[in-house]
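Residue numbering for the sequence shown follows our numbering, beginning at 221 and increasing consecutively. Virtual Cβ for every residue (Gly too), placed ideally from N, Cα, C.
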Amino acid sequence: MQPDDNTSNCDGKELFALQVLGDDMEEEFPDKCIIIIQHFDGKVPNSYVFVEVDGEKWFRQYKVEPNGREYLHACNESYPDIELNNVDWKVLGLIHQRNIRRKIKTYTYSNE
């Protein structure tokens, strides 16, 4: 009998899940909640994103100011913004859904 290989490496358009660890995205995303991420490589202002900045991965809200300043913002004001101008960064995905103890909230973005 051959083993059934139904594994996936999350390539392409597949959704994937991560658990939020820490309080940096509270109140919207409390510690230990689950987020569902849709692969996406574009930029949508005010979206919740999973990004890579200088080799480190972050979950934050992507913001753009009228003067062109791009940065990542934590929902918890105790954490500083992460500046994106003049650094190597890319969007890995958009937060599609949040699950807090089986209470699900879905996020949609107008520029996807």
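Inter-residue Cα distance where the pair is residue i and residue j
i, j, result
"glutamine 340", "serine 267", "In the structure as shown, the chain starts at 221 and stops at 332, and residue 340 therefore has no counterpart that could be examined."
"lysine 233", "tyrosine 299", "31 Å"
"serine 330", "asparagine 305", "23 Å"
"isoleucine 302", "asparagine 287", "16 Å"
"lysine 325", "tyrosine 291", "24 Å"
For residue i, the first and last residue of its enclosing beta strand (DSSP E)
i, result
"threonine 328", "No beta strand (DSSP E) holds threonine 328; DSSP gives it neither H nor E."
"arginine 318", "309-320"
Supposed close pair residue i, residue j - CB separation, criterion 8 Å
i, j, result
"isoleucine 255", "arginine 318", "6 Å"
"aspartate 261", "valine 311", "6 Å"
"leucine 235", "histidine 293", "That belief does not hold up - the Cβ atoms of leucine 235 and histidine 293 are roughly 24 Å apart, past 8 Å."
Nonlocal neighbours in the same chain, by C-beta distance under 8 Å from residue i, ignoring five residues either side
i, result
"valine 307", "Val273, Asp274"
"tyrosine 327", "Ser267, Tyr268, Leu314, Ile315, His316, Gln317, Arg318"
6 Å Cβ shell around residue i - same chain, five flanking residues per side excluded
i, result
"proline 265", "Val284"
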